[in-house]
Amino acid sequence: MRFYDKNSWRKIMKVKYFSDTDTALVEFADNEIVETKEISENVYVDLDSEGNLINTDFLRPNCSHNNNLIM
1 MRFYDKNSWR KIMKVKYFSD TDTALVEFAD NEIVETKEIS ENVYVDLDSE
51 GNLINTDFLR PNCSHNNNLI M
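Listed below in structure tokens is the structure:
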């Protein structure tokens, strides 16, 4: 699933779900990842060299105790 800025049609973010690992990935940019930070038990963010958000990873979003992560 891709989300676009309707005024310029540039990509704002892309959402991918991997059923084999029950992982959701939200991509905001294509910059090189230099650091990953754990936000909570099953949520990680990837940052570039300037600290900008590149991706957010949700591990096991279909698990019942994680339902509030994606709503």
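If you're matching positions, the sequence shown starts at 1 in full-length UniProt numbering and goes up one per residue. Quick reminder that beta carbons are idealized off the backbone N, C-alpha and C, glycines included.
Extent of the continuous beta strand (DSSP E) run through residue i
{"i": "residue 21", "result": "It is not in any beta strand (DSSP E) - residue 21 carries neither H nor E in the DSSP assignment."}
{"i": "residue 49", "result": "Neither: residue 49 is in no beta strand (DSSP E) and is coded neither H nor E."}
Among the options, nearest to residue i - alpha-carbon criterion
{"i": "residue 28", "options": "58, 52 and 60", "result": "52"}
{"i": "residue 49", "options": "42, 63, 32 and 59", "result": "32"}
{"i": "residue 41", "options": "47, 58, 25 and 26", "result": "58"}
Short Cβ contact (8 Å threshold) for residue i with residue j
{"i": "residue 38", "j": "residue 44", "result": "yes"}
{"i": "residue 62", "j": "residue 25", "result": "no"}
{"i": "residue 60", "j": "residue 20", "result": "no"}
One or two residues paired with residue i in a DSSP bridge
{"i": "residue 58", "result": "24 and 43"}
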